[in-house]
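Undergrad:
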Amino acid sequence: MSWVRARRAAIGLLGFAALYLLASEIGQSRLPDRIWMGAHYVENVKLLPTWRALVEEGTFLIQSNILVDSIAVSTRRVVLGLLLGSVVGILLGLLTGAASRLEALADPWVTFFRFTPALALLPLYVIWFGYGESSKVLLIATNVAVVTFLGAHQGVRGVRRVYLDAAAALGADRWLTFRKVILPAAFPSILASFRVATGLAWVTIVVAELINAQMPSLGYLLALAGAYPRVPNMMIGLATIGALVLVFDLLALLLNAWATRWMERAA
Amino acid sequence: MTAGATPPVLEATDVGYGYPGPTPTQALEGLSLEIQDSEFVALLGPVGCGKTTLLRIFAGFLRPSKGSVRCAGASIDGPGWQRGYVLQEESIFPWMTVRQNVEFGLLAKGLGPDEQRKISDELIELIGLTAFAEAFPKELSTGMSKMVEVVRVLATDPSILLLDEPFGALDAQTRQRMQDALARLWAQRRKTVLFVTHDAEEALYLADRVVVLSPRPGRVKASFTVGLPRPRSFESRFSAEFLGLKRRVWEATGLDGM
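Listed in order, the protein sequences are those of chains U and Z.
First residue of the first sequence: 6, per my numbering; consecutive thereafter.
First residue of the second sequence: 678, per my numbering; consecutive thereafter.
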């Protein structure tokens, strides 16, 4: 990744932040601070909290350790789910990609899980695996496994015939061909799916924590902010999750760039 | 040619091959060809005449639907390094360095790292890519990549080389340099070569014998022995003998416009 790209990304982020700050200053005196919530009024809402309100709220959340603990707990779940799910997904994908008879066997299940929303599985997972860590980690792992499975499977399937022919002509057996030809050729596809999976893992965990809300977690932080309701708290929570997604995506991107450094890159 | 005690290195007898599918195509029909030990044979013919099909049959990737193919008397029933095959398409492994590409066949053979290194050093030097030994193929030109593919096959020391239009995508100058490099390699190592091309001049410059195939379904239409002395040079291309042969080959391929 080039510095130009990084600089443009930074300009994009900061530019939007500046626009928000401007809008919040203008809106401070003009936006209503009393909102009808269906059954009652909520007084003193800050629809677009100013930077002062955000700093104040952020300081409280950091000093009380709520934010740090929440980040630690949610990140741990995401990392565990990513590791577990991608190991299972990639192994299964490689297997079904290499053995065409297994493909038909796995195909309907892939479609099934691919389009089953994470939330639909949550109640079942809670019953099966309890309210603790397992159900949440396994929920992420399920989603991650489906995405990385597809990446690995299609990666293996997409290996160009000429490479397999060349390997066979050079006398390579199946195992050598798998290790030195199929696997590296499928790697870009696998890593691209892993990158999608990292983003999806965060979507899954935050939604799971919103529904099955427990302290401390980023999902709970948002659920709590919604219950009060406290807009600055929501904003901090959203920004934190967004920042974590960006960090994870950057890590996946760097891994991707390293593993595909042999590829021809478009400028 | 008299039948010796040893069978020909490559032998196709009455070979037919048809591709099934929505447009069934009979690529080869009643093709017979014998190639002797250390012979350099160029296979020439129009697009779609089954040159590549015949080469893939010899390489062991296709089985003839009629007739038989043999290698040193034994039936061919799959790919093997003994028949070194360079595909028409670019098939250099882009995720491996030049050296790893050259050593791949040696790895398949189970050679130790030191032996692999010795052979790859020698071959990479032979094609003048020592400076690129640890580079990925994305840094190479098309011609360089093709030469790597050729020496990757040479590394395992096959007795037979099957080359499918290896220099087809190159410009004229690079092409001549590659032809000279191949001629030198062949002179040094005395392999049996079957070289597919659609360029009559290239065929005559390189081969001992030029075999012309008919349009689809391909069969042997004509065969020319090239008696030009070796090593051939730039001057050979303009000798009376060369030009006379070129005329006859062009007539056989139908390039004379008749």
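Glycine included, C-beta positions come from ideal geometry on N, C-alpha and C.
Small disclaimer: the values here were computed from a predicted structure and weren't measured.
1. Does the Cβ of threonine 153 of chain U have 16 or more other Cβ atoms within 10 Å, making it buried, or fewer, making it exposed?
2. Under a CB-based cut-off of 8 Å, is valine 686 of chain Z close to chain U?
3. Among Z:Gly744, Z:Glu716, Z:Val888, Z:Ala880, which residue has its Cα nearest to the Cα of threonine 869 of chain Z?
4. According to DSSP, is arginine 39 of chain U helix, strand or coil?
5. Just how far apart, CA to CA, sit phenylalanine 840 of chain Z and leucine 87 of chain U?
6. Cα-Cα, which of Z:Ala736, Z:Gly707, Z:Gly727 is closest to valine 830 of chain Z?
7. Ignoring anything shorter than 4 residues or poking outside the segment 699-741 of chain Z, list the alpha helix (DSSP H) runs there in chain order.
8. Please indicate yes or no: does the CB of glycine 904 of chain Z lie closer than 7 Å to some heavy atom of the ligand GTP?
9. Using a Cβ-Cβ cut-off of less than 9 Å, list which residues of the segment 38-66 of chain U approach chain Z; keep chain order.
10. Examine chain U for any beta-carbon lying closer than 8 Å to the beta-carbon of alanine 785 of chain Z, and answer yes or no.
11. Please return the same chain residues whose Cβ sits closer than 6 Å to the Cβ of proline 122 of chain U, not counting the five positions on each side in sequence.
12. Given a limit of 8 Å on CB to CB distance, which residues of the segment 168-190 of chain U reach chain Z?
13. Would you mind reading off the limits of the beta strand (DSSP E) that contains valine 250 of chain U?
14. So if I threshold CB-CB distances at 9 Å, which residues from the segment 804-825 of chain Z count as touching chain U?
15. Going by DSSP, name the residue or residues bridged to lysine 743 of chain Z.
16. Quick check for students: name the residue ranges of the alpha helix (DSSP H) that lie wholly in the segment 750-780 of chain Z, counting only runs of 4 or more.
17. Quickly, what does DSSP pair alanine 629 of chain Z with across the bridge? List them, please.
18. Look at glycine 931 of chain Z and leucine 731 of chain Z and say whether their C-beta atoms are less than 8 Å apart.
19. Any idea what DSSP makes of isoleucine 837 of chain Z, helix, strand or coil?
20. Can you list the residues of chain U that threonine 730 of chain Z reaches, using a CB-CB cut of under 7 Å?
21. Which whole-angstrom value is the C-beta distance of leucine 838 of chain Z and alanine 171 of chain U, which I expect to be below 8 Å?
22. I'd like to know if the segment 241-253 of chain U and the segment 199-211 of chain U are in contact, where contact means that at least 3 CB-CB pairs between them fall below 8 Å.
23. Do the CB positions of leucine 847 of chain Z and glycine 805 of chain Z come within less than 8 Å of each other?
TA: Reading it off the structure:
1. buried
2. no
3. Z:Glu716
4. If DSSP states are grouped into helix, strand and coil, arginine 39 of chain U belongs with the strands.
5. In the sequence on display, residue 840 of chain Z carries leucine and not phenylalanine. Cα to Cα, leucine 840 of chain Z sits roughly 47 Å from leucine 87 of chain U.
6. Z:Ala736
7. Here the runs fully enclosed are 728-736.
8. This structure does not include the ligand GTP; it has no bound ligands of any sort.
9. Under the 9 Å Cβ criterion, the segment 38-66 of chain U contributes no residue.
10. yes
11. Cβ neighbours of proline 122 of chain U within its own chain (closer than 6 Å, five residues either side excluded): none.
12. Of all residues in the segment 168-190 of chain U, only Tyr168, Asp170, Ala171, Ala172, Ala173, Ala174, Leu175, Gly176, Ala177, Asp178, Leu181, Lys185, Val186, Pro189, Ala190 place a beta-carbon less than 8 Å from a beta-carbon of chain Z.
13. No beta strand (DSSP E) contains valine 250 of chain U, which is instead part of the alpha helix (DSSP H) from 236-264.
14. Phe813, Pro814, Lys815
15. Z:Gly693
16. none
17. No information on residue 629 of chain Z is available, as it lies outside the stretch 678 to 935 that chain Z covers here.
18. With respect to leucine 731 of chain Z, glycine 931 of chain Z sits apart: the two C-beta atoms are not nearer than 8 Å.
19. strand
20. Result: empty, since nearest Cβ-Cβ is about 14 Å, beyond 7 Å.
21. Not confirmed; about 14 Å, so no contact.
22. yes
23. Not closer than 8 Å, so no.
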